[in-house]
Amino acid sequence: MLARPLFIGSEIYRGSSYGGTHPLRVPRVSTVMDLSRALGWLPAGAYVNSPRAKPAVLTAWHTPEYVAALQAAEAAQAVTGAVRARHHLGTISNPVFPEIFRRPATAAGGSVLAGELLADGGIVYNPAGGTHHGMPDRANGFCYLNDPVLAMLSLRHHGAQRIAYVDIDAHHADGVEHGFAGDADVLMISVHEENLWPKTGRLTEDAGGSALNLPVPRGFNDDEMAHARDGLILPAVAAFAPDAIVLQCGADAVSEDPLPHLDLSNNAHWAVVRALMGMAPRLLVLGGGGYNPWSVGRLWTGVWAALNGFEVPERLPAEGEDVLRGLEFNGNRLGRNPPEHWFTTLRDQPRGGNVRQEIRERVAYLRARRGV
Ligand SMILES: [Zn+2]
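First residue of the sequence shown? That's 1 in UniProt numbering, and the numbers climb one at a time after it.
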């Protein structure tokens with residue numbers, strides 16, 4: 001059993017960009033590391049430097065041809081038309097960039113290491129992980145590798161048989177679902193915006209009995225997430241009695257995110273984290289989407305606080321404020337005149353509201369189907 005929660009990070013994420021116009025041009029994990037250090041939340045004993053996964057580790061799920069193509073793309077900083085067609089590398093959503101192999105292989109290496117670190121129980125946080133769209137032989141939706149799948153295989157390899165995967169990113173976890181469809185020892189729960197890319201994960205799609213998909217309408221608020229959490233996620237996970245929980249905690253379902261259209265505050269994510277703690281002997285929390293540099297940094301730093309039971313201060317100390325004031329969001333209107341609280345706080349104002357009937361009905365349908 002780990003003596004304390006561990007944070008897996010790396011300096012490779014600092015300054016790495018998918019390119020000047022890509023949503024993943026913004027810093028994310030480096031902000032979480034800097035903010036956590038500024039708050040005194042990341043002592044040496046809590047921080048683990050992420051190893052880079054070797055190709056032989058990645059081929060536990062990805063094809064050798066695809067892994068070789070990723071490495072070749074990094075070396076050449078270019079791909080052929082045949083590679084683009086076959087592996088979807090060098091596309092608008094999955095461009096060739098300087099660390100196209102090293103960065104995702106480091107995130108994956110962290111998630112695989114987490115499975116090992118959790119062999120005897122505990123809590124691990126790998127905010128660079130959560131790339132839930134990656135497919136065995138191709139890049140997909142900003143994801144080159146699928147570290148959640150690799151983490152779950154690693155957890156299994158190290159003694160966890162039954163795994164609950166909970167995904168509160170605004171997008172459907174299509175890659176993870178592809179990886180574990182029909183696996184009776186896996187329960188996958190995905191809450192995501194309906195009709196948003198990749199448009200999979202409809203209410204009635206159950207991945208051979210392994211998945212509960214809750215598509216939610218635009219404007220999904222904190223009270224609606226609380227209803228999904230208490231009405232579906234927690235009872236389904238409790239009934240499943242997992243040996244391990246993997247939480248993909250994508251930060252793109254908050255109001256300030258420029259891509260989806262949901263209306264959560266970061267309180268919603270932190271409440272899911274806290275609720276899942278203690279429901280299984282092993283807990284791995286991953287990042288995911290999130291394209292506003294301030295909301296991602298604040299949300300994911302608050303996740304680390306939740307995992308440790310640290311109290312989030314009303315106002316950040318000057319060192320923390322400096323981290324947030326140093327961020328830029330070039331090319332987005334949200335970067336022109338950020339509100340003051342994006343610099344001075346971690347916690348958003350709660351965004352409650354009505355729990356709409358369609359959400360109540362969908363939760364009730366899934367709960368009945370699962371028999372919980
Ligand atoms: Zn997403």
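Using N, Cα and C, we set each Cβ at its ideal position, and we do this for glycine too.
Values in this document were obtained by computation on a predicted structure and should not be read as measured data.
- Residues near serine 50 in its chain [Cβ-Cβ closer than 6 Å; skip 5 each side]: Along the sequence shown, one-based indexing puts residue 50 at 50. For serine 50, where only same-chain residues beyond five positions count, the Cβ hits under 6 Å are Ile8, Ser10, Thr106, Gly109 and Gly110.
- Item | Contacting residues, own chain, Cβ-Cβ under 7 Å from alanine 60 (five flanking each side not counted) | Translated into the one-based positions of the sequence shown, residue 60 becomes position 60. Around alanine 60: Leu150 and Leu153.
- Query: Name the DSSP beta bridge partners of isoleucine 123, please?
  - Reply: Indexing the sequence shown from 1 puts residue 123 at position 123. Paired residues: Leu283.
- How should threonine 21 be labelled, buried or exposed, when 16 other C-beta atoms within 10 angstroms of its C-beta is the threshold for buried? The residue given as residue 21 occupies position 21 in the sequence shown. With fewer than 16 other Cβ atoms within 10 Å, it is exposed.
- Query: For alanine 87, is the beta carbon positioned less than 7 Å from some heavy atom of ligand 1?
  - Reply: Counting from 1 along the sequence shown, the entry for residue 87 is found at position 87. A small correction: the amino acid at residue 87 is histidine; alanine does not occupy that position in the sequence shown. No.
- Task: Check each residue's C-beta against every heavy atom of ligand 1 and list, in chain order, those closer than 5 Å.
- Result: Asp169, Ala170, His171, Gly250, Asp252 and Gly289
- Item | Contact set for valine 96: own chain, Cβ-Cβ below 7 Å, skip 5 residues either direction | On the sequence shown, residue 96 is found 96 positions in, with the first residue counted as 1. Closer than 7 Å at the Cβ level, and outside the excluded window around valine 96, lie Ala73, Gln77, Ala78, Val79, Leu89 and Gly90.
- Query: Enumerated in chain order, which unbroken segments of the alpha helix (DSSP H) with a length of 4 residues or greater are wholly contained in the segment 229–301?
  - Reply: 234–240 and 266–276
- Message: By the three-class DSSP mapping on this structure, what secondary structure does tyrosine 165 have?
- Response: In the sequence shown, counting from the first residue as 1, residue 165 sits at position 165. Note: tyrosine 165 maps to strand in three-state DSSP.
- Message: Is the separation between the beta-carbon of glycine 122 and that of arginine 282 shorter than 8 Å?
- Response: Here the question's residue 122 lines up with position 122 in the sequence shown. Here the question's residue 282 lines up with position 282 in the sequence shown. Closer than 8 Å, so yes.
- Quick one: any contact between the segment 216–225 and the segment 257–275, if contact means 3 or more CB pairs under 8 Å? yes
- Three or more beta-carbon pairs under 8 Å between the segment 19–38 and the segment 300–319, yes or no? yes
- Look at the alpha carbon of alanine 160 and the alpha carbon of alanine 128, and state the distance between them as a whole number of angstroms. Here residue 160 corresponds to residue number 160 of the sequence shown, with the count starting at 1. Here residue 128 corresponds to residue number 128 of the sequence shown, with the count starting at 1. Roughly 22 Å separates the two Cα atoms.
- Beta carbon of glycine 212, beta carbon of alanine 236: below 8 Å? Here the question's residue 212 lines up with position 212 in the sequence shown. Here the question's residue 236 lines up with position 236 in the sequence shown. The sequence shown places leucine at residue 212, rather than the glycine named in the question. In this structure, alanine 236 lies closer than 8 Å to leucine 212 by Cβ.
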